[in-house]
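The structure appears right after this line, and notes come after that.
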Amino acid sequence: MASYSLRHVLIAGALAAAVVAAIVWWFVASRPQVTVVKPMRGDAAEVVYATGVVEPQQWAKVSSLQRKRILEHCNCEGKTVKRGDVLARLEDGAERALLRELEARRERTQEEAQRLEGLVERNVTTRVTYDEKLTQLREQDARIAAQKDRINDLVLRAPMDGVVLRRDGEVGEIAGINATDILFWIEDIIKTRLGMNVLLRHEGLAGAPLPATLSETTPKGDPATKTFRVYFALPGDTPLRIGMSVEANIIVREVKGALLVPIEAVADGHVLEVRGGRVHRVAVKTGIRGARMVEILAQCGPARWRARPCPEREPRAMRLMLSIALTHVLSRVRQSLVGMLGVATGVGFSVMMAALMEGSQRDFVDQLIDTMPHITVTDERRSPPVQPATLVYDAIAIHGLSTPVIRPGIKNPLAITSTLESWLPGAIAPSAVSKAIVRFAGRDIAANVTGIDPRREIKVSKLPSQIRQGTLDDLYKASNAIILGDRLATKIGARVGNTVVLVAGNGQLMSCTVVGLLRTGIAQVDETQTYTLLKTAQILAAQTGLVNAIRIKVRDVLDARTIASRVESETGYKAVSWQEANEDLLSALQIRNFIMYTVVGAILLVASFGTYNIISTITHEKTRDIAILKSLGFTRAMVQRIFLVEALAIGVAGMLGGWVLGYFLSLGLGTVEIRTPFADATRLPIYFSPLHYLLAGGVALTASAIAGYMPARKAARVQPVDIIRGAS
20 MASYSLRHVL IAGALAAAVV AAIVWWFVAS RPQVTVVKPM RGDAAEVVYA
70 TGVVEPQQWA KVSSLQRKRI LEHCNCEGKT VKRGDVLARL EDGAERALLR
120 ELEARRERTQ EEAQRLEGLV ERNVTTRVTY DEKLTQLREQ DARIAAQKDR
170 INDLVLRAPM DGVVLRRDGE VGEIAGINAT DILFWIEDII KTRLGMNVLL
220 RHEGLAGAPL PATLSETTPK GDPATKTFRV YFALPGDTPL RIGMSVEANI
270 IVREVKGALL VPIEAVADGH VLEVRGGRVH RVAVKTGIRG ARMVEILAQC
320 GPARWRARPC PEREPRAMRL MLSIALTHVL SRVRQSLVGM LGVATGVGFS
370 VMMAALMEGS QRDFVDQLID TMPHITVTDE RRSPPVQPAT LVYDAIAIHG
420 LSTPVIRPGI KNPLAITSTL ESWLPGAIAP SAVSKAIVRF AGRDIAANVT
470 GIDPRREIKV SKLPSQIRQG TLDDLYKASN AIILGDRLAT KIGARVGNTV
520 VLVAGNGQLM SCTVVGLLRT GIAQVDETQT YTLLKTAQIL AAQTGLVNAI
570 RIKVRDVLDA RTIASRVESE TGYKAVSWQE ANEDLLSALQ IRNFIMYTVV
620 GAILLVASFG TYNIISTITH EKTRDIAILK SLGFTRAMVQ RIFLVEALAI
670 GVAGMLGGWV LGYFLSLGLG TVEIRTPFAD ATRLPIYFSP LHYLLAGGVA
720 LTASAIAGYM PARKAARVQP VDIIRGAS
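Counting from 1 along the sequence shown, just add 19 to a position and that's the residue number in this note's numbering.
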């Protein structure tokens with residue numbers, strides 16, 4: 020009996036131990052162990068990793084433009100050189116021999132020119148033969164100058180002050196350059212932009228990261244490795260030296276005080292939140308993801324912490340408000356159409372007025388301002404040259420002011436033209452301007468003679484389209500050809516094909532053949548203007564190579580003043596823009612613009628009162644609906660949005676209709692033809708610009724929103740209890 024009882028006790032104990040073990044396993048072993056952490060506030064950043072080497076700020080590669088043998092070099096590798104110092108000389112024996120030959124030929128040509136000059140003075144030979152010899156002499160001068168430039172190119176000089184890092188050529192070797200296969204590389208660089216902060220690290224420098232700034236990004240990348248070359252600007256006290264390799268982190272985006280959680284806590288866009296002793300699965304939106312922490316942008320659902328409210332329910336409420344607003348508008352179709360027509364009329368007539376006013380202004384600019392170059396550079400200077408004594412003494416008295424005649428014209432015009440063409444956005448044409456008397460059939464008229472290069476002139480003026488008889492190319496087809504203004508030709512009785520005589524101020528006489536007549540529409544110009552070839556004007560002025568005016572036409576006429584200022588600072592010669600030459604006209608244009616915008620604003624202001632009247636009527640009639648909406652839980656802001664949406668709906672519909680109306684009104688005005696006895700038949704100038712439509716539409720929407728704000732504000736303040744009780 021005792022043994023039986025003991026066996027049952029042992030069995031019962033074993034079962035009890037198994038039950039306890041099962042319970043312990045259920046509560047401990049069967050459930051995963053988790054660590055509870057609290058969200059924290061910290062700084063987060065998105066960076067781009069890069070590696071590189073510290074380089075000098077400026078450096079240059081010096082190579083030869085010609086394949087020649089090296090005769091000598093400076094042996095200055097690792098040494099400091101100044102800008103212009105000779106680095107190497109290349110073999111130039113053949114070039115110098117050719118230069119001597121060209122100089123000998125020039126001496127022979129000059130002797131023949133001097134001989135012909137004497138024969139011309141004795142009327143033994145013609146002037147044309149002498150001019151041809153002078154032309155041949157100038158051609159030889161140009162060849163000699165070009166040959167000297169080739170010899171100078173065989174001397175390699177330092178382009179700037181610095182240290183010679185490396186020399187790859189030795190005496191006796193052939194120097195030269197290789198042709199490149201690729202002309203253009205076009206790449207797209209994402210993420211980075213100029214001015215971003217950069218953190219640098221060098222293995223030999225312990226401590227905090229070193230700061231830098233992204234200063235430049237090259238457009239050419241490596242398509243194989245998908246890399247780009249960027250430059251960092253280092254502070255003056257940086258410990259980095261040239262040649263050090265660094266690791267860089269470019270700060271693309273930085274967030275201060277971001278809500279952060281461990282990256283392990285986010286799974287499938289959810290986190291587990293412990294609230295009230297229980298675990299809840301909460302959906303979140305994440306931002307910057309680091310190696311340890313992740314940024315939480317939004318937490319949806321009830322919680323004790325959140326970055327910003329969850330926007331999931333906002334679209335549903337917005338759709339309901341839009342539906343109510345459209346129902347109010349469509350319930351009174353006639354009244355809504357009247358408001359839309361008011362806005363459409365205001366927008367349409369505003370677009371038409373803007374198109375007409377700006378079109379007339381642009382036509383005015385085309386007819387008056389574009390008849391002349393946008394910028395004119397003359398051989399004048401705004402201030403007299405500085406005398407050397409003024410740099411030494413505080414007060415000077417200058418005597419003996421009688422000086423020999425200074426050769427007029429712009430010095431080195433070809434070099435100045437080439438320099439301006441390297442950066443100036445537009446076209447450039449040199450010219451020679453002088454005064455002369457045009458003599459024909461016993462009539463003498465003073466005129467302006469402008470020598471031009473027709474190939475360049477067509478790029479800076481409208482002269483080809485202003486020629487009524489003949490063409491600009493006819494200047495090449497006759498000896499000393501000339502184009503006269505039509506009023507000038509009428510005064511002296513000349514026609515195309517006649518020969519007129521030009522008498523210059525220095526007494527020089529020249530017979531010219533009329534090859535064309537021009538009409539600009541400006542009487543003063545048509546009565547006094549003539550055009551010849553540049554060479555003809557130089558011969559008339561008795562000065563070979565004379566260029567006393569450079570005519571410039573820029574792509575954007577509004578940039579003419581800024582470009583003229585830069586041209587004047589670089590050349591030293593007076594550069595007058597069309598704005599400076601026509602300041603009175605510009606003030607008149609500003610007054611016209613003010614009148615235009617005033618009229619447009621008045622039209623749109625009148626149209627906005629119709630929108631205000633409609634929204635006020637709808638608000639008054641929908642007071643019971645407002646009470647029902649607020650009783651259902653609509654807030655004051657939601658009610659206000661409903662009536663603002665109604666005003667904007669009317670404004671948008673009216674704006675679209677106004678755009679169509681304005682377009683057809685502008686088309687209709689453009690067909691109106693004006694005829695006067697003083698000019699050719701013309702039409703009203705209309706300028707179509709998307710900016711007119713955007714401005715009129717933007718003002719109309721703004722006026723509609725303001726017109727609907729006051730009734731919407733009044734509607735939002737209505738209390739449901741007052742409406743139900745019938746309170747006023």
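Ideal placement from N, C-alpha and C gives every residue a C-beta, glycine not left out.
query	result
His92 in three-state terms, based on DSSP	strand
Residue range of the alpha helix (DSSP H) that includes Lys152	Arg146 to Asp172
Nearest-angstrom Cβ-Cβ length linking Arg115 and Ile170, presumed shorter than 8 Å	6 Å
For Glu399, the three-state DSSP class (helix, strand or coil)	coil
Trp757 burial status per 10 Å Cβ neighbour count (16 or more: buried)	Any question about residue 757 goes unanswered here, given that the chain covers just 20 to 747.
Rounded separation between Arg538 and Val619 - CA only	37 Å
Run of the alpha helix (DSSP H) containing Val658, from where it starts to where it stops	Arg655 to Gly689
Environment of Val56 [buried if 16+ CB atoms lie within 10 Å]	exposed
Arg574 versus Ser453: straight-line alpha-carbon distance, rounded	28 Å
Sufficient close CB pairs (3 or more, under 8 Å) joining the stretch 494-509 to the stretch 542-552	yes
Local conformation of Gln562 per DSSP, three classes	coil
Distance between Tyr706 and Ala344 (C-alpha atoms, nearest Å)	38 Å
Collapsed DSSP secondary structure at Lys87 in the structure displayed	strand
Distance cut-off 7 Å: Ala116 Cβ against heavy atoms of the ligand FAD	The model depicted lacks the ligand FAD and carries no ligand whatsoever.
Where the beta strand (DSSP E) containing Leu218 begins and where it ends	Asn216 to Arg220
Proximal residues to Ala508 (C-beta, below 6 Å), its chain only, five neighbours per side dropped	Leu536
For Gln159 and Arg125, the rounded distance between their alpha carbons	6 Å
Minimum C-alpha distance to Ser708 - residue among Asp398, Leu375, Ala225 and Val457	Leu375
Thr532 versus Ile558: straight-line alpha-carbon distance, rounded	15 Å
At least three beta-carbon pairs within less than 8 Å, the stretch 511-527 to the stretch 471-487	no
Proximity below 8 Å, CB of Val271 to CB of Ala69	no
Minimum Cβ-Cβ distance from Met376 to chain D less than 8 Å	Looking at the structure shown, chain D is missing, and only one protein chain is on hand.
Helix, strand or coil at Ile429 [DSSP, three-state]	coil
Rounded separation between Asp578 and Leu439 - CA only	15 Å
For Ser606 and Ser685, the rounded distance between their alpha carbons	26 Å
Glu131 beta carbon less than 8 Å from that of Lys152	yes
Thr509 - partner residues in DSSP beta bridges	DSSP lists no partner for Thr509.
Straight-line gap, Ala123 to Glu136 (C-alpha atoms, nearest Å)	20 Å
Bounding residues of the alpha helix (DSSP H) (the contiguous stretch that carries Val370)	Val352 to Phe383
Where Ser588 falls, given that 16 or more other Cβ within 10 Å makes a residue buried	exposed
DSSP-derived helix/strand/coil call for Lys304	strand
Distance, Met674 Cα to Ala666 Cα	12 Å
Whether Val664 touches Met359 by CB criterion (8 Å)	no
Identity of the residues DSSP links to Gln548 by a beta bridge	Asn467
Same chain, Cβ closer than 6 Å to Met391, neighbours up to 5 away in sequence not counted	none
Buried versus exposed call for Glu476 [16 or more other C-beta atoms within 10 Å across all chains shown]	buried
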